[in-house]
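Reading through the structure tokens given below for one structure.
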Amino acid sequence: MKPAAICFFDLDGTLLTSDSVVAASSVQALQALRAKNIMPIIATGRTLCEIEHVLEATKMTSVIAMNGQYVMYDGKEVYTNPIDVAEIKALHEGAQSQGVEMAFYTEEKIRATAQNEIMEKHYHYLGEASPEIDAELYLKEPIYMLLLLLEQGDDFFPERYPYFQFVRNTPFSNDVVPKGGSKARGIAKLLEVMGFEDVPTYAFGDGMNDLEMFEAVDYAVAMDNAVPALKEKAAFITANNNEDGIAKGLRLCGLLE
135 MKPAAICFFD
145 LDGTLLTSDS
155 VVAASSVQAL
165 QALRAKNIMP
175 IIATGRTLCE
185 IEHVLEATKM
195 TSVIAMNGQY
205 VMYDGKEVYT
215 NPIDVAEIKA
225 LHEGAQSQGV
235 EMAFYTEEKI
245 RATAQNEIME
255 KHYHYLGEAS
265 PEIDAELYLK
275 EPIYMLLLLL
285 EQGDDFFPER
295 YPYFQFVRNT
305 PFSNDVVPKG
315 GSKARGIAKL
325 LEVMGFEDVP
335 TYAFGDGMND
345 LEMFEAVDYA
355 VAMDNAVPAL
365 KEKAAFITAN
375 NNEDGIAKGL
385 RLCGLLE
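Residues 135 to 391 in my numbering are what the sequence shown lists, from first letter to last.
Structural data, given as structure tokens:
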């Protein structure tokens, strides 16, 4: 059944509180959306194995994962965009030359090239354990997203590796996907494949990797804790992620009473 509307939700800093849990008010709001035939969809830089607790808490079955690289609707895979193996190899070699470790993301697992302090800081920041080591995973399985683990030195990579786009998403990492890949592209592919181009769309976010998503939907809602550039693109600004911002934002949009 075609939904009456679709709402896309970023996770970190948006649907998740600072304690990395979904607020009770947000769970109730998502249930209320579904009762009105409004489809809530997660749109995240994370992969599926990182968000199992969110899927369980919210009963959501649709995800734009790894910044648009992998799309699942109602539990079914509808779009994937694996990264070219030769390009991964080249970037890996360049990262090693700079003393930078990487992480490889499939739809089911994360593996790192090696452990170091920045790797530990990054996954602690996300509230996750550091991944296992497998520097050759990209030779064995499709990889949809990469992470560069670095606190500085971002400028070294974009000019040398034009196949990729690099977005700093935490103080310790850059999200890396093929140029043109984004949550926005994942959204566009979902709407195209499912025949939902005429369905009203909404997005909630807080970070720089939500900018293109905001431009891809009809109505954008920035959290109060969002970066200034995102607030400038928003139709609405709601409360922060720790103060019932999701439920309040849905009311601002007129989707909930």
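C-beta: ideal position from N, C-alpha, C; glycine also.
Quick caveat, the model's predicted, so the values are computed rather than measured.
Beta-carbon proximity check, residue i vs residue j, cutoff 7 Å
i           : j           : result
residue 307 : residue 256 : yes
residue 346 : residue 318 : yes
residue 250 : residue 235 : yes
residue 355 : residue 388 : no
residue 300 : residue 290 : no
residue 163 : residue 321 : no
residue 147 : residue 359 : yes
residue 327 : residue 337 : no
residue 216 : residue 137 : no
residue 143 : residue 176 : yes
residue 281 : residue 253 : no
residue 344 : residue 325 : no
residue 174 : residue 194 : yes
residue 79  : residue 323 : Nothing can be reported for residue 79, as the shown portion of the chain is limited to 135 through 391.
residue 155 : residue 192 : no
residue 237 : residue 229 : no
residue 372 : residue 390 : no
Coil, strand or helix - residue i by DSSP
i           : result
residue 344 : helix
residue 254 : helix
residue 362 : helix
residue 242 : coil
residue 135 : coil
residue 234 : coil
residue 305 : coil
residue 411 : It is not possible to answer for residue 411, since the shown part of the chain is limited to 135 through 391.
residue 269 : coil
residue 207 : strand
residue 311 : strand
residue 283 : strand
residue 224 : helix
residue 369 : coil
residue 298 : strand
residue 261 : coil
residue 354 : strand
residue 143 : strand
residue 338 : strand
Residue i classed as buried or exposed, judged by whether at least 16 other C-beta atoms fall within 10 angstroms
i           : result
residue 267 : exposed
residue 448 : Here the chain has residues from 135 to 391 only, and residue 448 is not among them.
residue 160 : buried
residue 316 : buried
residue 259 : exposed
residue 241 : buried
residue 279 : buried
residue 208 : exposed
residue 135 : exposed
residue 179 : buried
residue 273 : exposed
residue 219 : exposed
residue 226 : buried
residue 339 : buried
residue 332 : exposed
residue 139 : buried
residue 233 : exposed
residue 153 : exposed
residue 329 : exposed
Distance cut-off 6 Å: residue i Cβ against heavy atoms of the ligand GDP
i           : result
residue 191 : Ligands in the displayed structure: none, and consequently the ligand GDP is not present.
Counting beta carbon pairs with one atom in the segment 198 to 214 and one in the segment 253 to 272, are three or more of them shorter than 8 Å? The segment 253 to 272 vs the segment 198 to 214: no contact.
Which whole runs of the beta strand (DSSP E) in the segment 149 to 205 are 3 residues long or more, in chain order? Listed in chain order, they are 172 to 177 and 197 to 199.
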